[in-house]
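For reference, the structure is listed below as structure tokens.
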Amino acid sequence: MDYHIEFLLKILVCFLLSACIGVERQFRGRKAGLRTVILVSLGSFLFVNFSFEFPKSDTTRIAAQVVAGIGFLGAGVIIKDSKNVKGLTTAATLWCSAAIGILCAANLLFEAATGTLFILFTNIVLRSLNRRINLLSGKGTYNVYHFSITCDKKDLDKLQELTKEVIKDNEGRIDSTEITTLDNNDKKLSIYILDNALNDKLTKNLMNELSSKKEVLSISLNKESKKSIYEDEEL
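Right, dumping it as structure tokens:
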């Protein structure tokens with residue numbers, strides 16, 4: 000086969016396979032979407048294909064350097080906050096898309112296509128399995144509590160901020176907040192809190208902290224229900 004035709008065939012296959020991977024990431028709304036995945040794969044393809052044009056060059060070393068470079072790029076899409084690490088799956092997908100480019104450059108098109116199918120299977124089909132495992136283990140299941148306090152109008156902002164801090168410090172979530180004015184012009188702060196079913200320290204600490212404040216006129220905490228929130232490696 001003519002060299003140029005072979006090159007066009009390989010880069011076209013590389014483009015199409017990486018586009019399939021990128022579409023899934025774009026659909027999920029990830030930071031590294033369609034164009035990023037395609038460019039990573041094409042870049043890997045071009046670097047390795049270049050090494051094949053020079054018989055004396057160390058192709059495996061160039062491929063290894065490409066993989067290392069993709070590692071730095073993948074680190075850029077990983078975000079860590081106080082409780083969660085986001086972007087791990089997208090970073091791993093970028094790494095895998097680089098492998099697809101390398102396989103295409105080596106003219107291993109069947110292997111590249113097979114690898115793409117398994118990448119898509121992992122990101123699409125195993126996503127639901129991942130969800131089921133999390134729910135069965137209790138991860139992602141939250142107790143819903145209705146917490147309310149009444150206070151003087153001038154103390155509302157201070158107590159609301161304190162409540163939010165205690166919830167955050169104890170790894171809870173605020174589902175919704177409502178403020179109402181009572182007949183005597185006092186304020187009632189109502190917060191629906193999501194507390195991880197595996198963690199019971201939030202409610203204890205919240206009641207201990209707020210009940211000790213003299214500005215609080217009344218306080219109540221009632222368990223309402225349970226709520227499941229799907230979380231995977233991206234969240």
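Residues 0 to 234 (numbering that gives the first Met the number 0) are what the sequence shown spells out, left to right.
Quick reminder that beta carbons are idealized off the backbone N, C-alpha and C, glycines included.
Residue span of the alpha helix (DSSP H) that contains S50, given as start and end: Start at 1 with the first residue of the sequence shown, and residue 50 comes out as number 51. Note, S50: alpha helix (DSSP H), 33-51.
Assumed close pair C19, L119 - CB separation to whole angstroms, cut-off 8 Å: On the sequence shown, residue 19 is found 20 positions in, with the first residue counted as 1. On the sequence shown, residue 119 is found 120 positions in, with the first residue counted as 1. Right, the Cβ-Cβ distance comes to about 6 Å (below 8 Å), so this counts as a contact.
DSSP state of E170 mapped onto helix, strand, coil: As a first step, residue 170 is located in the sequence shown; it is residue number 171 there, counting from the start. It is coil, neither helix nor strand.
Endpoints, the alpha helix (DSSP H) within which N204 is located: As a first step, residue 204 must be located in the sequence shown, where it is residue number 205. Unbroken alpha helix (DSSP H) run through N204: 200-210.
When H3, Y191, E110, E214 are compared against S175, the one with the closest alpha-carbon: Reading the sequence shown from its first residue, position 176 is the one you call residue 175. Considering only alpha carbons, the answer is Y191.
Local conformation of L188 per DSSP, three classes: Against the sequence shown, residue 188 aligns to sequence position 189. In the three-state scheme derived from DSSP, where H, G and I count as helix and E and B as strand, L188 is classed as strand.
Backbone CA spacing between E160 and D151 [nearest angstrom]: For the purposes of this step, residue 160 is taken as residue 161 along the sequence shown, with counting starting at 1. For the purposes of this step, residue 151 is taken as residue 152 along the sequence shown, with counting starting at 1. Going from the Cα of E160 to the Cα of D151 covers about 15 Å.
Whether T149 touches S217 by CB criterion (8 Å): Taking the sequence shown and counting its residues from 1, one reaches residue 149 at position 150. Taking the sequence shown and counting its residues from 1, one reaches residue 217 at position 218. The beta carbons of T149 and S217 sit closer together than 8 Å.
Assigned exposure category for S17 - 16 Cβ within 10 Å defines buried: On the sequence shown, residue 17 is found 18 positions in, with the first residue counted as 1. S17 counts as buried, since at least 16 other C-beta atoms from the protein chains shown sit within 10 angstroms of its C-beta.
Candidates N106, I132, G73, L116: closest to F51 by CA position: In the sequence shown, counting from the first residue as 1, residue 51 sits at position 52. Closest option to F51, Cα to Cα, is N106.
Start and end residues, alpha helix (DSSP H) containing I69: Reading the sequence shown from its first residue, position 70 is the one you call residue 69. Element bounds for I69: 58-74.
Contact under 8 Å by Cβ, W94 with G68: Within the sequence shown, numbered from 1, the residue matching residue 94 stands at position 95. Within the sequence shown, numbered from 1, the residue matching residue 68 stands at position 69. Not a contact, by the Cβ cut-off of 8 Å.
Beta-ladder partner(s) of H3, from DSSP: Sequence index remark: in the sequence shown, residue 3 carries index 4 (1-based). Bridge partners of H3: none, in fact.
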